[in-house]
Amino acid sequence: MKFPKDFYAHLGKINYTEIKGGLKRDTFLEIWVVHVEERVFARSWNKSERSWFTAFLYEGVGELKYGSNILKVRGEKVSGDDLVHQKIDQAYMKRYGVGENLYYAQGISQPQYHDYTLEFFIE
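At position 37 of the sequence shown the residue is numbered 27 (our numbering), and the sequence of numbers has no breaks.
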């Protein structure tokens, strides 16, 4: 199932999408989310042991929120050697690689972040 068209519009206009990993969290966290050819991805900036990213790894499900809309999603880790990472890197730089975001966009587009990438699917 594809994401709603207004979700892609949100990704093109609004810097942050809210995320809640797993079923036990009460609050959403704002993160950068990108899309490549109608596929939706996010990377963990902090790479921490207890995060939205690890909650998705352990539980496989969570939610993405944009505006007042909440989407139930499944998250799957993208293999570190998947060629789609080049396109994800480019998507991060194109969307966020300006002004005060440039430092973070350059960082999250580095190969060490490939292993901290999830692809989302509508549940």
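Using N, Cα and C, we set each Cβ at its ideal position, and we do this for glycine too.
Assignment of alpha helix (DSSP H) within the stretch 32 to 65, counting only whole runs of 4 or more residues, yields 42 to 49 in chain order. DSSP, read as helix, strand or coil, puts I9 in strand. For H0, the enclosing alpha helix (DSSP H) covers residues K(-5) to K3.
When the alpha-carbon of K62 is set against those of D71, I9, G2 and K3, the nearest one is in I9. Taking C-beta atoms under 8 angstroms as the contact rule, R64 and E113 qualify, at a distance of about 5 angstroms. Per DSSP, the continuous beta strand (DSSP E) segment holding L108 begins and ends at T107 to I112. The three-state secondary structure of E20, taken from DSSP, is strand. Boundaries cannot be given for Y103, as no alpha helix (DSSP H) includes it and DSSP labels it neither H nor E.
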